[in-house]
Every structure is written in C-alpha cells, then in structure tokens.
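A.B. asks: Residue numbers (this note's numbering): 31 to 460. All C-beta atoms in this analysis are idealised placements derived from N, C-alpha and C, irrespective of residue type, glycine included. Note that the coordinates shown come from a computational prediction; the quantities given were computed from them, not determined experimentally.
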Amino acid sequence: MSEEKFDVIVVGGGLAGLTAAYELANAGYETLVVERGDYCGAKNMTGGRLYGHSLEKVIPNFAEEAPIERKIVKENIALLNEKGGVQIAYTSPQLGEGSNASYSVLRGKFDQWLAGKAEEAGAMMVTGIRVDKLIEQDGKVVGIDAGGEEMYADVVILADGVNSLLAQQIGMKKEIEPHEVAVGAKEVFKLSEEIINERFGVANGEGAAILCAGDPTDGNLGGGFIYTNKDTVSVGIVTTLSDIGRSQLSVPKMVERFHNHPMVEPYIKGGELVEYSGHLVTEAGWSMIPELYRDGVLVTGDAAAFVINLGYTVRGMDFAIESGRLAAEAVKRAKAVDDYSADTLSYYKKLLEESFVFRDMKKFSAFPAILEEHMIFNELPAFVGDVFNRMMVVNSEPSGDLVVGIANDFCKRFTMAGIADFVGKLMEVR
Ligand SMILES: Cc1cc2nc3c(=O)[nH]c(=O)nc-3n(C[C@H](O)[C@H](O)[C@H](O)COP(=O)(O)OP(=O)(O)OC[C@H]3O[C@@H](n4cnc5c(N)ncnc54)[C@H](O)[C@@H]3O)c2cc1C
C-alpha cells in the first residue's frame with residue numbers, strides 16, 4: 031500500500047472539480063484529481079446549456095477554444111398537450127452578448143477539454159478509479175482511499191456529484207429522499223449541420239433551446255428539452271423521482287413519447303440515435319444544501335446541491351464552476367496561513383454567500399413548492415392548447431361563442447382556491 035501527499039485532492043472530474051483543480055494548479059499547488067469514469071465527462075450529463083458567465087471569469091473568452099456546440103440565440107418555451115402545443119420563440123442580440131451568452135455543450139467533449147486545461151496548468155489526473163472513502167484523523171479529513179490505495183492532502187475537495195456518497199459517509203450530507211431529486215434521460219440524434227440550421231431557423235454556430243412543459247412527462251413534475259448541437263440534437267426529459275409511478279409511463283417511454291410528439295418529431299426526423307444517457311438531478315435546491323466545510327474538506331457543485339431545477343429547465347453547470355472556483359479561493363487562503371481547519375475553510379461559505387450562487391439559490395428557494403403544483407404540467411398546457419384550437423380551427427362545425435367556451439374550459443380546469451394557492455407560492459419567489 032503506497033502513501034502519497036498532495037496539497038489538494040479533488041474527488042470528481044466534473045465541472046466543479048476541474049475548475050477547482052485548474053485554479054489551484056495554476057496557483058502552483060500540487061493538485062490531484064481522481065475521477066471514477068474512464069475519462070472526465072464519461073459519466074456526466076447535461077441537457078445541456080452552459081451559461082457562460084462563470085467560466086468566463088476562470089478562462090476569459092473560453093468559447094474561442096473550448097468545444098462548445100452552438101451559441102444559443104433562440105429561446106423557445108412550449109406548452110404541449112397530447113396532439114400539439116403552443117410555442118413561443120424569443121430572439122434578441124442580447125442573448126448572445128458577452129457574459130450573457132449561453133452555449134450548448136456535450137459533456138463528454140467539454141469536460142475532457144477542461145481536464146486538459148487543468149493538466150496543462152499542472153494538475154495530476156487519475157481516471158478510472160473510484161474513491162471509496164475519506165480518511166479521517168482526529169475528526170479531520172486528511173486523505174482518500176481509492177481501491178485500497180491511500181493518498182493524503184491538506185485539503186480534500188468533494189466534487190463527486192449529486193449523490194455524493196463521500197459527504198454522506200462522514201455525515202456532512204444526509205441520504206437523498208425521492209422528492210429531493212428528479213431523473214433526467216436524454217437522447218442525442220445526429221443530423222447534418224445544414225438540416226439543423228434549416229429546421230431551427232439558425233445560422234452556422236448559432237443554436238436554439240426549446241423548453242417544454244406538459245405532455246413530455248405525462249403530467250408529472252418536470253419537462254422536456256431540445257438543444258441544438260453542432261451536428262446533433264439533444265432531446266430529453268426531466269421528471270421528479272417521487273412522481274414516477276403516478277404516470278403509467280416509464281422514464282424511457284416518456285423520452286420516446288417526447289421525441290415522437292407531433293411538435294418534436296419534425297425537428298429530429300431522419301436523425302440517427304447516437305447517444306442515450308440518464309442521470310439524477312437535484313430538485314429540492316436550497317433546502318438540500320449540506321454542510322459545506324469541515325476540517326480538511328469542502329463540498330462543491332452538485333454534491334453541495336447547487337442546482338436550480340425549474341422543471342422545464344435545469345441550471346447547475348454555472349453554479350458548479352463558480353463553487354469550484356470559490357473552493358479554490360478558500361484553499362489558497364488556508365494555504366497562506368497553513369491552517370486547514372473548519373474555521374479557516376469557512377471562508378468558502380462566506381464567498382458563496384457573497385456570490386450569485388447563494389443569491390440565485392435563495393431567490394428560487396420557493397420553487398420546489400411551485401413545481402409540486404401539477405396544474406403547470408397538466409391543466410395549463412391542456413387549457414392553452416384548447417384556447418388555441420378554439421381560436422385557430424375553422425371548419426363547418428358549430429364553434430359556439432369563443433369567450434364563453436374559453437371561460438367554461440377555464441372553470442372546468444381551475445378553482446379559485448387552486449389559483450390563489452399557486453399565486454401565493456409564486457409571490458414567495460422574489
Ligand atoms: C438531464 C439533466 C439536464 C441538465 N441540464 C442542465 C442544463 O441545461 N444547464 C445546466 O447548467 N445544468 C444542467 N444540468 C445540471 C448539471 O449537469 C450539473 O449541475 C453539473 O453537471 C454539476 O457538475 P458537478 O461537477 O458538480 O458534478 P458532475 O458533473 O456530476 O461531476 C461529478 C463527477 O464526480 C465523479 N465521481 C462521483 N463519485 C466519485 C467517486 N467516489 N470517486 C471518483 N469520482 C467520482 C463522477 O464520475 C463525475 O465525473 C442537468 C442535469 C441533468 C441530469
């Protein structure tokens with residue numbers, strides 16, 4: 031059994047871990063990243079759109095060299111019922127400007143690129159090895175045990191994702207409950223760049239996002255997403271774990287139903303299915319944040335539950351990158367005074383409190399309660415679809431009075447108490 035000592039060990043080569051490693055290696059610290067996948071990104075998943083602002087701070091103009099797929103310049107929201115849907119498109123030059131820009135990414139490529147940057151900066155990368163446990167001495171984390179090999183460090187950064195077993199092992203995080211997580215499943219279809227441009231109405235290098243509520247999850251909490259990549263299209267759903275069983279449809283069937291939906295199918299028609307993946311997604315947000323620091327250890331990214339899941343869209347990658355960066359800042363400060371106690375490492379939490387991570391997580395802390403309103407996923411898309419049917423379908427059948435018909439539909443589907451409850455919850459998101 032060999033023993034090695036590093037300045038910092040990072041567990042997990044996702045965006046949080048790799049950002050922390052890049053920053054620390056750049057500052058000259060001996061940094062080891064241990065990733066259980068065969069390569070960084072092998073096990074990671076996103077819908078996915080990366081909001082660029084946080085990586086921009088770490089690697090300015092990263093989009094010029096990183097393997098981004100397309101810059102998103104067209105945003106669409108769609109409410110789907112069984113046969114159709116109402117889609118609202120938004121385009122604006124502001125969407126792609128400077129740090130407002132967001133990009134579609136495929137994690138297999140993107141994380142490998144970031145791992146390469148961390149390695150160039152001097153970080154040591156070990157892949158294909160799972161960290162089994164943390165080594166503690168006198169209540170302080172001092173290293174890791176990976177497959178029987180022990181490695182030591184002044185600080186261990188946990189960036190091991192949503193189900194951080196390591197944080198659970200030492201009692202920093204409690205076991206996840208079904209209502210706290212959703213499950214995401216995604217298919218990637220290959221199409222030519224030209225076909226994608228034509229179908230989504232974008233130019234080379236430009237992309238579209240379509241975020242859908244309603245039919246994709248058969249009324250379950252969650253939604254569907256479509257993102258254009260360079261020469262592929264990502265199509266998937268996210269649905270809360272506690273709702274599985276509520277619908278007759280299994281998650282794979284939901285994905286199938288979504289890609290066969292009359293509004294979705296034309297986008298991917300003729301495409302070859304080249305990838306299928308599934309992953310857990312943090313859902314309970316703010317209320318799920320674990321202990322973030324202890325003697326010799328910090329928790330970042332999904333492991334720290336830094337995710338906002340709005341059902342139809344998930345945001346976690348910019349939080350992962352920012353929390354990795356801030357963890358690195360806290361470690362640099364601890365190094366400067368050669369003190370890795372919880373007291374010194376608490377600087378990490380202070381930085382988070384001052385950052386957009388805590389600001390935005392707090393702001394959306396009431397959102398999980400709103401998501402529990404099945405109305406958004408059932409009655410609303412169905413009602414909106416019916417309104418458009420009444421307005422748009424012209425034939426020789428009697429159509430009745432438009433306004434009275436809409437009012438009747440509305441009353442059949444919604445109660446005043448339900449609406450008041452929903453508005454009340456909305457008002458809590460300030
Ligand atoms: C379906 C879906 C859609 C999403 N869509 C979006 C989106 O569009 N935009 C967005 O911003 N976010 C999105 N997210 C969320 C986003 O993907 C995550 O927030 C982000 O990946 C978190 O990064 P991370 O580095 O913290 O964790 P991860 O990317 O999960 O990385 C954790 C790493 O740790 C490794 N690991 C775990 N345990 C061990 C161990 N014991 N030893 C060694 N290695 C270990 C894993 O293999 C993995 O590489 C989505 C998530 C899902 C599932």
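So, SER353 versus VAL387, is the Cβ gap smaller than 7 Å?
C.D. replies: Taking 7 Å as the Cβ cut-off, SER353 and VAL387 qualify as a contacting pair.
A.B. asks: When the Cα atoms are used, what is the spatial distance from GLU180 to ILE174?
C.D. replies: Cα to Cα, GLU180 sits roughly 6 Å from ILE174.
A.B. asks: Just mark ASP248 as buried or exposed, buried being the case when its beta carbon has 16 or more other beta carbons within 10 Å.
C.D. replies: The residue in question, ASP248, is buried, as its Cβ has 16 or more Cβ neighbours within 10 Å.
A.B. asks: In chain order, which continuous runs of the alpha helix (DSSP H) of length 4 or greater are located wholly inside the region 361 to 423?
C.D. replies: For the region 361 to 423, whole alpha helix (DSSP H) runs of length 4 or above, ordered along the chain, are 372 to 375, 377 to 383, 386 to 393, 397 to 401 and 409 to 422.
A.B. asks: Just how far apart, CA to CA, sit PHE219 and LYS139?
C.D. replies: Distance between the alpha carbons of PHE219 and LYS139: 16 Å.
A.B. asks: I'd like to check one pair, TYR323 with TYR378: are the Cβ atoms closer than 7 Å?
C.D. replies: A contact, by the Cβ cut-off of 7 Å.
A.B. asks: Suppose the cutoff is 7 Å on Cβ atoms and the five residues either side in sequence are ignored; what does the same chain contact list for PRO97 look like?
C.D. replies: If we look at PRO97 and ignore the five residues flanking it on each side, its Cβ neighbours are LYS139, PHE140 and TRP143.
A.B. asks: Quick one: what's got a C-beta closer than 7 Å to ALA461's C-beta in the same chain, skipping five residues either side?
C.D. replies: As shown, the chain starts at 31 and ends at 460. That puts residue 461 outside it, with no answer to give.
A.B. asks: Could you give the DSSP three-state label for MET155: helix, strand or coil?
C.D. replies: Strand.
A.B. asks: From which residue to which residue does the alpha helix (DSSP H) around LEU54 run?
C.D. replies: Element bounds for LEU54: 45 to 56.
A.B. asks: Is there a C-beta anywhere in chain B that falls below 7 Å from the one on GLY354?
C.D. replies: Of the protein chains in this structure there is only one, and it is not chain B.
A.B. asks: Using CA coordinates, which residue listed in ASN193, ASN74 and ILE118 is at the minimum distance from PRO208?
C.D. replies: Checking every option, the nearest Cα to that of PRO208 belongs to ASN193.
A.B. asks: When every heavy atom of ligand 1 is checked, does at least one fall within less than 6 Å of the C-beta of GLY78?
C.D. replies: GLY78: yes, Cβ under 6 Å from ligand 1.
A.B. asks: If you run the structure through DSSP and keep just helix, strand and coil, what is ARG460?
C.D. replies: At ARG460, the pLDDT of 47 sits below 50, so the modelled position is not reliable; the number obtained from the coordinates is stated separately. Three-state result, ARG460: coil.
A.B. asks: Between which two residues does the alpha helix (DSSP H) containing GLY435 stretch?
C.D. replies: Start and end: 432 to 443.
A.B. asks: Is the separation between the beta-carbon of ALA215 and that of GLY308 shorter than 7 Å?
C.D. replies: Yes; because the gap between Cβ atoms is below 7 Å, this pair is in contact.
A.B. asks: Whole angstroms is fine: what's the gap from GLU228's alpha carbon to ASN419's?
C.D. replies: When rounded, the distance between both Cα atoms is 27 Å.
A.B. asks: In terms of DSSP beta bridges, what is PHE36 paired with?
C.D. replies: Looking at the DSSP assignment, PHE36 forms a beta bridge with ALA183.
A.B. asks: Counting Cβ pairs, one atom from each stretch, are 3 or more of them under 8 Å apart for the region 409 to 424 and the region 438 to 445?
C.D. replies: With a cut-off of 8 Å, the region 438 to 445 and the region 409 to 424 count as touching, because enough Cβ pairs lie within range.
A.B. asks: Assign ALA366 to buried or exposed, taking buried as 16 or more other Cβ atoms, counted over all protein chains shown, within 10 Å of its Cβ.
C.D. replies: Classification for ALA366: exposed.
A.B. asks: Would you mind giving the Cβ-Cβ distance between THR330 and PHE255, rounded to the nearest angstrom? I have them listed as a contact below 8 Å.
C.D. replies: Actually they do not touch by this definition, with Cβ atoms about 25 Å apart.
A.B. asks: Which ranges does the beta strand (DSSP E) cover as unbroken runs of at least 3 residues, wholly within the region 67 to 129, from first to last along the chain?
C.D. replies: Counting whole runs of 3 or more residues, the region 67 to 129 contains the beta strand (DSSP E) stretches 79 to 81, 100 to 110 and 115 to 121.
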